[in-house]
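Colleague: Questions regarding the structure given below will be posed in turn.
Numbering (mature numbering (1 follows the signal peptide of the UniProt record, and there is no 0)), first residue to last: -19 to -1, 1 to 149.
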């Protein structure tokens, strides 16, 4: 009986799943990377990865190595360990998907990694962006498009005060 209880309790244990890759954006400046920039970039990505597990980063860190500028931002509800894993994955993904690019952004569910050969800190930007959409046909759930707008407004009206007053 004790053995049965022990084995059945192990089935309840949940294991974290790896964060899903969401997308990437590489600059059009492919092929212009010098060996110096590549060296700086490798050092930058290493620095970002090694700082992702620090509890004092609050899920955000930026660094500069020569003319390589980069940052990561993890979702606010993930642990330092999950952030570290996500940034490590994003770093590898950036090198794989944008090998000769001087600018790249990689998005995962749990984090975003960005680097560039140009400073971008403290600059408002509308690009690069990641476009996502639902593959569901909403017309089967909503008969009137105006109903969807009303539902969205109601949801946001209820969400904004909760988000503004949330304490962690």
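No residue lacks a Cβ here, since even glycine has one placed at the ideal position from N, Cα and C.
1) At 4 residues or longer, and completely inside the segment 43 to 99: list those alpha helix (DSSP H) runs for me, N to C.
2) According to DSSP, simplified to helix, strand and coil, what is residue 6?
3) My guess is that residue 26 and residue 51 are in contact by the Cβ rule of under 8 Å, so how many angstroms apart are they, rounded?
4) How far does the alpha helix (DSSP H) with residue 135 in it reach, from first residue to last?
5) Rounded to the nearest angstrom, what separates residue 106 and residue 98 at their Cα positions?
6) Output the distance between the C-alpha atoms of residue 66 and residue 87, rounded to the nearest integer angstrom.
7) With DSSP as the reference, please indicate the residues paired to residue 41 in a beta bridge.
8) Note down, in chain order, each residue of its chain lying with its Cβ closer than 6 Å to the Cβ of residue 79, except the 5 sequence neighbours on either side.
9) So, for residue 49: in the same chain, excluding its five sequence neighbours on each side, which residues have a beta-carbon less than 7 Å away from its beta-carbon?
10) Taking DSSP as the reference, what is the three-state secondary structure of residue -14?
11) Taking buried to mean at least 16 other C-beta atoms within 10 Å of its own C-beta, is residue -7 buried or exposed?
12) Looking at residue 72 and residue 29, is the spacing between their C-beta atoms short of 8 Å?
13) How about residue 1 and residue 36: do their beta carbons lie closer than 8 Å?
Modeller: Looking at the coordinates:
1) 61 to 78
2) strand
3) 7 Å
4) Counting along the chain, the unbroken alpha helix (DSSP H) around residue 135 starts and ends at 126 to 145.
5) 16 Å
6) 14 Å
7) 54
8) 7, 85
9) Cβ neighbours of residue 49 beyond the five flanking positions: 18, 21, 22, 25, 96, 98.
10) Per-residue confidence for residue -14 stands at a pLDDT of 39, beneath the threshold of 50, marking its modelled position as unreliable; the derived number appears in the next sentence. DSSP places residue -14 within a helical segment (H, G or I) once states are collapsed to three.
11) A caution first: residue -7 carries a pLDDT of 41, below 50, which makes its placement in the model unreliable, though a value can still be read off. Counting Cβ neighbours within 10 Å, residue -7 comes out exposed, since fewer than 16 surround it.
12) yes
13) no
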